[in-house]
Every structure is written in structure tokens, then in C-alpha cells.
Amino acid sequence: MKSFFKGRKFRFITLLTGLVSASVILTIVILLFSSYQSEKKSLTNTYLSLNYSKSNKISSSVNSLLHP
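Numbering of the sequence shown is given in my numbering, commencing with residue 95 and proceeding in unit increments.
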């Protein structure tokens, strides 16, 4: 009878360790995905902002050349 419970305890500990490991890995994956999406959005916004600024400068230069 003791060996039956001892086997169950080992399985429970193994199951608990597996669940904790899986939750840690899943948390890391979610964190990495979230970080990637945030960085991608930030880079896109920066790129578009710089592009807009540069196009305004070019537009001003062209306007000043064409309409003195």
C-alpha cells in the first residue's frame, strides 16, 4: 500500500514540476512576442515620422525653388 502512494506522490511532483515549467515557458514566449510587437510598432512609428518630416523639408525646398 505504501508503494502505491509513493508512486502517486512521485507522479504528482512530476506533474507539478511540468506544469510550473510549462507556465514559465509560456510566460517567456508571451513576453517575447509582446516585446517584438511593441518594438515593431515603435520602429514603424519612428520611420513614418522621419519620412513625413523629410518629405515636408523636400516639399518646402521645391516650393521655394519653383515659387520664388
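From the three backbone atoms N, C-alpha and C, an ideal C-beta is built for every residue, glycine too.
Discussion item. Measuring straight from C-alpha to C-alpha, what distance separates L137 and R105?
Written reply: The straight-line gap from Cα to Cα measures roughly 48 Å.
Fill in: Neighbourhood of N157 by C-beta, 6 Å cutoff - its chain only, sequence neighbours within 5 removed
Contacts found: none.
Discussion item. Taking the straight line between their C-alpha atoms, what separation do you get for F36 and T108?
Written reply: Residue 36 lies beyond the range of the chain shown here (95 to 162); nothing can be said about it.
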